[in-house]
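Q:
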Amino acid sequence: MSLASALKTGDVTQLPSRRDEDWRWTDLRGLIRVLPAAAPAHDGDVPAGPFAGLTRAETVFVNGRRIAHAEAASGVVALRFVALADKASQGASHSLVVKPGESLVLLESHEGRANGYVSDVALDIAVGEGACLERIVLVEDEAEAVNVVTAEVALAPGARFAQTVLTSGARRQRIETRVSHPGAHADARLDGAYLLDAQRHADLTTIVTHAGVDGATSQLTKGMVTDQARGVFQGRIVVAEGADQTDARMGHHALILSDKAEIDAKPELLIFADDVSCAHGNTIGALDEDALFYAEQRGIPEVEAKAMLTEAFVGEVVERIEHEAAREIAAAWVARKLARDLRSVA
Amino acid sequence: MLKIQNLHARVEDKPILKGVTLDVPAGEVHAIMGPNGAGKSTLSYVLSGRGGYEVTDGSASLNGDDLLALEPNERAAKGLFLSFQYPLEIPGVPALTFIRTALNAQRRARGEDEIAAPAFLKLAKEKAASLKIDFEMLKRGLNVGFSGGEKKRMEILQMAMLSPKFLILDETDSGLDIDALKIVSEGVNALRSPERGMLVITHYQRLLDYIKPDKVHVLAAGRIVASGGPELALQLEAEGYDKYVAAA
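These protein sequence lines map, in sequence, to chains A and B. Under this note's numbering, the first sequence is numbered contiguously, ending at residue 451. Under this note's numbering, the second sequence is numbered contiguously, ending at residue 1113.
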């Protein structure tokens, strides 16, 4: 059951539905009656992506087809998935290997520049022994689009993987990351931020499986939903038998700024080892009314005050991005999004 | 300057202000003293426009502008500043960003140009130095982890930067030791001017040793029950509020 197999076979019964426990809040079967035709090849220019200027090494997929490929073993590489065809479907897959001891920054963008497309992206990532990968994912889908992005990440001993997903949602959207964690001093950071307005939906799902002793995972996801938007967070950390001295921390904190918005969160720690240090925190609430009044009393209009406080709230996730230029782009994106989202809530 | 006429307000179904009438002309500092529960904080919140307070009768205006018809930020742009008894901590928003956002929002609301970054920083440095605030503190989240005295100094800094026409100081002395009280009072006194009015709300007379009022009013059970000169504060200190509470 996956969007990828449905796209391959054209069979909508292959779509995940709310009857699948892991998809109960991201029902595709109920939404998609007929799969759209495959997107045509794009003929013409492709607009610059959100990380333009940070690197020349770009791998670009347009309408599911790879049109540029950069072999980058280290440094900074951009990976772009661009949708340019209206009401069409597209599927893409890509693999990335970070060789032992190398260090790579992956600037990944999902750019919806068409209406009502259905997109599936599968990534296969391997981070070698002692290697380091920072993956920054900026997802800007169109409001009526459906997009599923799944990354399988395999870490070798001593590897470092740091991820930040920033998304504004879609009609239905799932960004899933599965990390196979060997322990062995490997370290994973899985962060995310979702900012959803109108009727947008975003689902950030992560599954980290610690298979060996002495591994660390740290997770911080923050979100804001307004209007009738819906945010989903599913975080699962599995500590297998024998994976002692695992240190795992998961936090999900979200703001609901309207009565009709919704957040569904399922943090799960499945621990089969004895000697571990694991914790999770999950909070969902409104903006602090006192802080809001304080800002307004100093002359800041309500909408601007809400945006400022929300930006500060989400800022903690952005601050953890290590690549400085990407961090600045992420911060600017958050500010821009909030200024737009919150204009309607006043 | 500030004119309050027969102001009635309630919280949910409970009447708190029951006909407050007060006139603070430009250049004067008036103190409002009163026992706990008299409605002192309610008065400051109603004037500044906090949600949850319903005005059921009366009026309040600043320089002829009907305050009660304005949003809190519009009141601020008209020059009303409420110094909070317990200033809020705003994690993730550096004090400098907060003050600059507020200042520019006020200027836009008044149809003025925004202040440029260099001019703003210069002003902030000067004002911080005069209040003995370490400039580095202004780069941290507003009030986050600050002591009571530091938070009050940050309020004074905001007053000095925003240059309001009318100040309401709500229990500014609470949580301050004597040294902090002196610094804060000096900051407030530096803002006294013939064009500016102030309403100093306090439970204790102590603050008025440092910020000398022109007039003192006693608020009890939602009404001004007595008014007089600074000597009234001393009398209250000696005699307590009992007779006013009984009379109200």
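Heads up, the beta-carbon is just placed ideally off N, CA and C, and yes, glycines get one too. Given the structure is predicted, the values throughout are model-derived calculations rather than measurements.
Using a C-beta to C-beta distance shorter than 9 Å, which residues of chain B count as neighbours of residue 418 of chain A?
A: Residues of chain B passing the Cβ test: 956, 957.
Q: With a cut-off of 9 Å, does the C-beta of residue 399 of chain A fall near any C-beta of chain B?
A: Yes, because at least one Cβ of chain B sits closer than 9 Å to the Cβ of residue 399 of chain A.
Q: Give, in chain order, every residue of the stretch 1098 to 1113 of chain B whose Cβ lies closer than 9 Å to some Cβ of chain A.
A: Listed in sequence order: no entries.
Q: Could you tell me which residues DSSP puts in a beta bridge with residue 187 of chain A?
A: Answer is A/167, A/216.
Q: Would you tell me roughly how many angstroms separate the C-alpha atoms of residue 319 of chain A and residue 162 of chain A, rounded to the nearest one?
A: Cα to Cα, the separation comes out at about 35 Å.
Q: Which residues in chain B have a C-beta closer than 7 Å to the C-beta of residue 396 of chain A? List them in chain order.
A: The answer, in chain order, is 953, 955.
Q: From residue 281 of chain A to residue 1009 of chain B, what does the alpha carbon distance come to, in whole angstroms?
A: When rounded, the distance between both Cα atoms is 35 Å.
Q: Could you work out which residues of chain B lie near residue 413 of chain A, taking near to mean beta carbons separated by less than 7 Å?
A: Within chain B, the residues near residue 413 of chain A are 958, 966.
Q: Which residue marks the beginning of the alpha helix (DSSP H) containing residue 1052 of chain B, and which one marks its end?
A: 1043 to 1055 is the span of the alpha helix (DSSP H), which, as asked, contains residue 1052 of chain B.
Q: What residues in the stretch 911 to 927 of chain B bring their beta carbon closer than 8 Å to a beta carbon of chain A?
A: Residues 913, 914, 915, 916.
Q: Give the range of the beta strand (DSSP E) segment to which residue 356 of chain A is assigned.
A: Segment 352 to 361, the beta strand (DSSP E) holding residue 356 of chain A.
Q: Would residue 167 of chain A pass as a contact of residue 140 of chain A if the rule is Cβ separation under 9 Å?
A: Their beta carbons are not under 9 Å apart, which means residue 167 of chain A does not touch residue 140 of chain A by this criterion.
Q: What does the Cβ neighbour count give for residue 150 of chain A, buried or exposed, with the cut at 16 atoms within 10 Å?
A: Exposed is the call here.
Q: Which runs of the beta strand (DSSP E), 3 residues or longer, sit entirely within the stretch 880 to 964 of chain B?
A: The stretch 880 to 964 of chain B contains these whole beta strand (DSSP E) runs: 894 to 898, 918 to 927, 945 to 948, 955 to 959.
Q: Residue 402 of chain A versus chain D: which residues are under 7 Å apart at the beta carbon?
A: Looking at the structure shown, chain D is missing, and the protein chains on hand are A and B.
Q: By the 10 Å Cβ neighbour count, where 16 or more other Cβ atoms means buried, how is residue 114 of chain A classified, buried or exposed?
A: Exposed: under 16 other Cβ atoms inside 10 Å.
Q: Could you give the C-beta distance for residue 343 of chain A and residue 375 of chain A, rounded to a whole number, given that I count them as a contact under 8 Å?
A: Contact flag correct, Cβ pair sits at about 5 Å.
Q: Determine the closest residue to residue 263 of chain A out of A/322, A/426, A/121, A/358, with distance taken between C-alpha atoms.
A: Ranking A/322, A/426, A/121, A/358 by Cα distance to residue 263 of chain A puts A/322 first.
Q: Which residues in the same chain as residue 432 of chain A place their Cβ atom closer than 8 Å to its Cβ, once the five residues preceding and following it in sequence are excluded?
A: 423, 424, 426.
Q: Going along chain A, which residues have a C-beta under 9 Å from residue 1027 of chain B?
A: Residues of chain A passing the Cβ test: 403, 404.
Q: Just to make sure I have the definition right: I need the residues of chain B whose C-beta is within less than 7 Å of the C-beta of residue 421 of chain A. Which are they?
A: Residues of chain B passing the Cβ test: 957.
Q: Consult DSSP for residue 1036 of chain B and reduce its assignment to one of helix, strand or coil.
A: Correct three-state label for residue 1036 of chain B: coil.
Q: 9 Å is my cut-off, CB to CB: does residue 974 of chain B come that close to chain A?
A: Cβ-Cβ to chain A under 9 Å: yes for residue 974 of chain B.
Q: In the DSSP assignment, the alpha helix (DSSP H) including residue 299 of chain A goes from what residue to what residue?
A: Where residue 299 of chain A is concerned, there is no enclosing alpha helix (DSSP H), although the beta strand (DSSP E) it sits in stretches over 292 to 301.
Q: Whose Cβ in chain A lies nearer than 7 Å to the Cβ of residue 970 of chain B?
A: Residues of chain A passing the Cβ test: 404, 405, 406, 409.
Q: I need the DSSP call for residue 1062 of chain B, collapsed to helix, strand or coil.
A: Strand at residue 1062 of chain B.
Q: Taking Cβ-Cβ distances shorter than 9 Å, what residues in chain A pair up with residue 1023 of chain B?
A: Here the neighbours are 403.
Q: Identify every residue that forms a DSSP beta bridge with residue 273 of chain A.
A: Beta-bridge pairing links residue 273 of chain A to no other residue.
Q: Tell me whether the beta-carbon of residue 1081 of chain B lies closer than 9 Å to the beta-carbon of residue 1090 of chain B.
A: Taking 9 Å as the Cβ cut-off, residue 1081 of chain B and residue 1090 of chain B do not qualify as a contacting pair.
Q: Just grab the DSSP bridge partners of residue 229 of chain A for me.
A: Note: residue 229 of chain A sits in a beta bridge opposite A/200, A/257.
Q: To which residues does DSSP link residue 343 of chain A through a beta bridge?
A: According to DSSP, which records beta bridges pairwise, residue 343 of chain A is partnered with A/314, A/375.
Q: Would you call residue 1052 of chain B buried or exposed, if buried means 16 or more other Cβ atoms sit within 10 Å of its Cβ?
A: Under this definition residue 1052 of chain B is a buried residue.
Q: Would you say residue 963 of chain B reaches chain A, if we count a Cβ-Cβ gap shorter than 9 Å as a contact?
A: True, the Cβ-Cβ gap to chain A drops below 9 Å.
Q: Just reading off the alpha helix (DSSP H) that residue 408 of chain A is part of, what are its end residues?
A: 407 to 424 is the extent of the alpha helix (DSSP H) around residue 408 of chain A.
Q: What whole-angstrom Cβ distance do residue 1004 of chain B and residue 961 of chain B have, given they're in contact under 8 Å?
A: That pair is a contact at about 6 Å.
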